[in-house]
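Contents: one structure, followed by commentary.
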Amino acid sequence: MSDLIGEIERDAITELLNIAIGQAAASLSQLVEDEVRLSVPFIDFLTLDQAAERLESEISGADTVAVRQCFSGPFSGDILLLFPEQRSLDLVRHILGENVPLAQLTELEQEALLEVGNIILNACLGSVANQLGMVIESSLPAYLRGRSARILESGAQRPIALGSEGLAMFLHVDFALLNKDINGYLAFMMDIASARHFVEAVRTYLNGRL
Amino acid sequence: MADKTVLLVDDSRVARMMVRKMIEQNRPGWMVVEAVDGEDGIAKFQAAHPDFVIMDVNMPGISGIEAARRIKAGSPDAVISLLTANIQEPLRLQAAELGLGFMSKPARDDALLDFLTVGAP
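Residue numbers (my numbering), protein chains in the order written: chain A, 1 to 210; chain B, 1001 to 1121.
Printed below as a string of structure tokens:
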């Protein structure tokens, strides 16, 4: 895939994502009233199996809850927010407050995670769109629960079209709430055709600035 | 300040709960009417004649922008602000062109109170 993305484009995408995920982290930080630590964005071309394997190791092999949105515009794909299932209720408690009774908290868990996903994923997509000077449309968020492989393979409103080598472009960042022992994962998935359009948009963006 | 009515239009129950709590804490005595989508928002606007409307954008059925446009067509003085996770610049511009306020999610006390004090631009 070295023909698709050069060193300068990789650097630019990393910086673009740093800014976008910083915006998303600021939203999450406001919701949970805690500092959010971010990893360096990871960009790679992986098969769905490799991506699922990587996700499983990041989330320690546990079941995962995810909020997924499809996006479309000059390039299209899926963006996901993932948390280990066993910590998702804690996250909801931090957002809705300690005074909400457990029964109501459990009842609201899915809706709360959908709204968290909606806020964070759109903050990230919106920042990417604003930086590239484009409009990106997004679907309503969908809630998924299960093993990482199932989450990656199902739930998409349209299947990821893999390239001839069976690869798709994955961009992701790990994040952790500093004082609440909650971590999660934000990932973009684009098929190769869309990845080419994305990289082209990044080149255009760079041409206007370098 | 006399008690006022706020119409809150959002398909997310949790989002409505969070904003309702902020209004109740900062404007005790004010009435909050909730609507679950754009069509419901238009109907509740006509029934409740709220002083302020807080409108999500990305909802099932008609969008919050379209719902706001229809409300404004019948009631040009309606005071409406978008409250949305979509922070893209074209949406902000569209809001400004329609005379709508713009608040990004998650709602912040200062932005919300500003809107509930001075209204949309």
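Every residue gets a Cβ at the ideal spot worked out from N, C-alpha and C, and that includes glycine.
Inter-residue spacing [alpha-carbon to alpha-carbon] between residue i and residue j
i, j, result
"residue 1019/B", "residue 1107/B", "7 Å"
"residue 205/A", "residue 52/A", "31 Å"
"residue 1037/B", "residue 5/A", "42 Å"
"residue 19/A", "residue 1117/B", "32 Å"
"residue 1015/B", "residue 9/A", "37 Å"
"residue 1070/B", "residue 79/A", "32 Å"
"residue 1063/B", "residue 56/A", "37 Å"
"residue 181/A", "residue 1097/B", "44 Å"
"residue 1012/B", "residue 207/A", "41 Å"
"residue 1065/B", "residue 1099/B", "11 Å"
"residue 1111/B", "residue 46/A", "42 Å"
"residue 77/A", "residue 29/A", "26 Å"
"residue 23/A", "residue 31/A", "13 Å"
"residue 41/A", "residue 200/A", "19 Å"
Extent of the continuous alpha helix (DSSP H) run through residue i
i, result
"residue 1078/B", "No alpha helix (DSSP H) holds residue 1078/B; DSSP gives it neither H nor E."
"residue 168/A", "Careful: residue 168/A lies outside any alpha helix (DSSP H), inside the beta strand (DSSP E) at 168-177."
"residue 151/A", "148-153"
"residue 5/A", "Per DSSP, residue 5/A belongs to no alpha helix (DSSP H) and is neither H nor E."
Inter-residue CB distance, residue i and residue j (contact presumed, cutoff 8 Å)
i, j, result
"residue 1101/B", "residue 1082/B", "7 Å"
"residue 83/A", "residue 65/A", "5 Å"
"residue 179/A", "residue 34/A", "5 Å"
"residue 1023/B", "residue 1055/B", "Between residue 1055/B and residue 1023/B the Cβ distance is about 14 Å, and since that is not below 8 Å, they are no contact."
"residue 15/A", "residue 185/A", "Incorrect: roughly 20 Å between the Cβ atoms, too far for contact."
"residue 48/A", "residue 153/A", "6 Å"
Assigned secondary structure, residue i (DSSP; H/G/I helix, E/B strand, else coil)
i, result
"residue 126/A", "helix"
"residue 77/A", "strand"
"residue 1013/B", "helix"
"residue 1019/B", "helix"
"residue 57/A", "helix"
"residue 184/A", "strand"
"residue 209/A", "coil"
"residue 1098/B", "coil"
"residue 1108/B", "coil"
Enclosing beta strand (DSSP E) for residue i [first to last residue]
i, result
"residue 69/A", "64-72"
"residue 1033/B", "1031-1035"
"residue 1055/B", "1052-1055"
"residue 1101/B", "1101-1104"
Neighbouring residues, chain D, relative to residue i (Cβ below 7 Å)
i, result
"residue 135/A", "The displayed structure is made up of protein chains A and B, and chain D is not among them."
Ranges of the alpha helix (DSSP H) found wholly within the region 83-142 of chain A, counting only runs of at least 4: 85-96 and 102-132
What are the uninterrupted segments assigned as alpha helix (DSSP H) that are 4 or more residues long and contained completely in the region 5-56 of chain A, given in chain order? 7-32
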